[in-house]
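I have placed the structure first, in the form of structure tokens, so that the comments after it can refer back to it.
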Amino acid sequence: MSVIVDLSVAIEDGMSVYPGDPEVKIREWASIGRDGYFMNTISMGEHTGTHVDAPAHFVEGGKTVDELPLERFTGPGKVVRVEGPITAEHVREAGTLEGFIVLFLTNGRGFLTKEAAVELVRMNVRAVGIDTPSIDRDGSAHRVLLSNDIPIFENLTNLDALLGREFTFIAFPLRIKGGSGSPVRAVAVL
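In the working numbering, the protein residues as written are 4 to 193.
What follows is the structure, encoded as structure tokens:
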């Protein structure tokens, strides 16, 4: 029997967002008592909570989230633990990564350097993820990965439960026409 580990943060009214991004607003639209059914409205940016960045997020003319092949959002995963700047050496030390979705466990204290992003592209990874709101501090890793059609998953959680384990990563985006990214429900299937 498979075990599913939830790697997503909850989306809730007033949650913290990346500085400058739209705040999250969840409001009741209809109630069972008044309308016979229950429904909320949700207002938020595409890059809220656990989400995926599509190439268009940083690359002029890059693919939008609805244009990326679905195979980029699922596949074998590997967790790499690094706190602080993630270098090309850290990537090489992680071993064979070709075809993997590589997830960096930093305990909220890491970021990908441009050199590490170049090494991940060279290794032909399927996608990259991290447990912080942004994978880098200057946009350089975003540009390297996204210009090579490698999606970026951000704001992941519970990665420590996957250290040293084999799993399948699954995190499909909403099919937002022309979207620069999308919230995802990221999971690992053990």
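Note that beta-carbon positions come from the ideal geometry of N, C-alpha and C, so glycine has one too. Just so we're clear, the structure is a prediction, and the values are computed from it rather than from any experiment.
A distance below 9 Å separates the beta carbons of LEU106 and GLY132. CA-CA distance, VAL83 to THR67, rounds to 27 Å.
When the five nearest sequence neighbours on each side are left out, the beta carbons in the same chain lying within less than 7 Å of the beta carbon of ALA164 are those of VAL8, in order along the chain.
Cα atoms of THR90 and THR116: separation of roughly 6 Å, rounded to the nearest angstrom. Beta-bridge annotation (DSSP): THR171 is paired with PRO79 and VAL192.
Going by beta carbons, GLY52 and PRO186 fall inside the 9 Å limit. Between ASP69 and ARG178, the alpha-carbon positions lie close to 5 Å from each other.
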